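So the sequence lines, in the order shown, correspond to chains A and B. Last residue of the first sequence: number 369 in the working numbering, and the count goes up by one each step with no gaps. Last residue of the second sequence: number 123 in the working numbering, and the count goes up by one each step with no gaps. Okay, structure first, notes after.
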Amino acid sequence: MKLTAFKRALWVFHVPTGSCNGCDIEIVAALTPRYDVERFGIKLVGSPRHADVLLVTGAVTRPMAERLRRIYEQTPDPKAVVVVGGCGTTSGVFYESYNIVGPVDEIIPVDVYVPGCPPRPEAIIDGVVKAVAKLERLEAGEAV
Amino acid sequence: MRLVTGQGFWSPLVWLALAAGVALLAWAFWFRGRRTYKAGTDQDMPFLSGEQVPEGAHVGGQHLYWGFVEGLRPFVDRVQAFHTGFLGDYMTWLVVLLAVALLVVMLT
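Dropping the structure here:
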């Protein structure tokens, strides 16, 4: 088996846009000792200005749309957006709700979708790894 | 080019070398910055949890002590009443406290 490593640590910023916290708790679970993604250099950061990946949860409520757009703008390039959960992916049970303007790809470009209600930590880690692969292709100047 | 004093020496060449070293360090930091940074966009603005940043926004000095002020609110309210802004009041306090200190010293 060929083992490959990330070229650098991957910093992730978590943006809840109106989620029920189910997906957010699973993201936290990915950080706990059982999964411990920090051993791979993947860590949550407190500002999008330090981030390589945006991890977006929630169906995007009307007030959050503008804020999500601004956070996306403030994230330096190259960046990847991973949507975690069914709500962010398709609006889920909130589809066509009066105060929902999502799903997330209606507001900002999305690179990876991790469906589930909520998705397991393994699925979230897999989504982030797919985002890493995209970032490395972008940095190498390859077609995405 | 070298002034020797009793405590050491002063040389403009040393200061010039130091300034050049600092400039080199600053350039090295700048050079390692992200080249994809987009000037004139939201990337220029501070991050306030996605909120729109008001014009000229900054964190005031009093905000740094917010916890202390709130924690000591009864004391702060009482002390603030003494801060009238009149120099005469402050001088009166000084004289009164000096007199009290003098009294304490004389009695002990």
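Each residue gets a CB set at the ideal place from its N, CA and C atoms; glycine is no exception. Source: prediction; values computed, not measured.
Does residue i have its Cβ less than 9 Å from a Cβ in chain A?
i, result
"PHE44(B)", "no"
"GLY65(B)", "yes"
"ARG47(B)", "no"
"ASP209(B)", "No information on residue 209(B) is available, as it lies outside the stretch 16 to 123 that chain B covers here."
"THR124(B)", "It is not possible to answer for residue 124(B), since the shown part of chain B is limited to 16 through 123."
Decide if residue i is buried, meaning its Cβ has at least 16 other Cβ atoms within 10 Å, or exposed.
i, result
"ASP336(A)", "buried"
"ASP104(B)", "exposed"
"GLY366(A)", "exposed"
"ARG49(B)", "exposed"
"THR20(B)", "exposed"
"PHE319(A)", "buried"
"PRO344(A)", "buried"
"GLU85(B)", "exposed"
Sort the options by Cα distance to residue i and report the nearest one.
i, options, result
"GLY341(A)", "GLU364(A), THR314(A) and GLU367(A)", "THR314(A)"
"ILE349(A)", "LEU293(A), CYS245(A), LYS304(A) and THR282(A)", "THR282(A)"
"VAL329(A)", "ALA290(A), PRO273(A), VAL237(A) and ILE267(A)", "ALA290(A)"
"SER64(B)", "ARG264(A), ARG362(A), PRO303(A) and PHE238(A)", "PHE238(A)"
"VAL309(A)", "ASP261(A), VAL339(A), THR300(A) and TRP236(A)", "VAL339(A)"
"ALA276(A)", "VAL307(A), ASP261(A) and PRO258(A)", "VAL307(A)"
"GLY352(A)", "ARG274(A), ALA305(A) and ARG264(A)", "ALA305(A)"
Consider the Cβ of residue i: report whether some Cβ of chain B lies at a distance smaller than 9 Å.
i, result
"ALA240(A)", "The sequence given here has Val at residue 240(A), not Ala. It does; some Cβ of chain B falls within 9 Å."
"ASP302(A)", "yes"
"ARG370(A)", "Chain A is shown from 226 up to 369; residue 370(A) falls before or after that span and cannot be answered."
"ARG292(A)", "yes"
Please check the pair residue i and residue j, which I expect to be a contact at CB under 8 Å, by giving their CB distance rounded to whole angstroms.
i, j, result
"GLY247(A)", "VAL285(A)", "Not really, about 16 Å apart at Cβ, beyond 8 Å."
"PRO346(A)", "ALA254(A)", "5 Å"
May I ask you to check if the CB of residue i is nearer than 8 Å to at least one heavy atom of the ligand COA?
i, result
"LEU235(A)", "Among the components of this structure there are no ligands whatsoever, and the ligand COA is therefore not found."
Would residue i count as contacting chain D if we go by Cβ distances under 9 Å?
i, result
"GLU298(A)", "The chain inventory of the structure shown lacks chain D, comprising the protein chains A and B."
Looking at chain A, which residues of the region 99 to 120 of chain B have a Cβ within less than 8 Å of any of its Cβ atoms?
For the region 99 to 120 of chain B, the set of positions with a beta-carbon nearer than 8 Å to some beta-carbon of chain A is empty.
Residues from the region 247 to 279 of chain A in contact with chain B, defined by Cβ distance under 7 Å:
From the region 247 to 279 of chain A, only SER272, PRO273 and ARG274 have a Cβ closer than 7 Å to chain B.
Please list, in chain order, the residues of the region 71 to 83 of chain B that have any C-beta partner in chain A closer than 9 Å.
Cβ contacts with chain A come from no residue of the region 71 to 83 of chain B.
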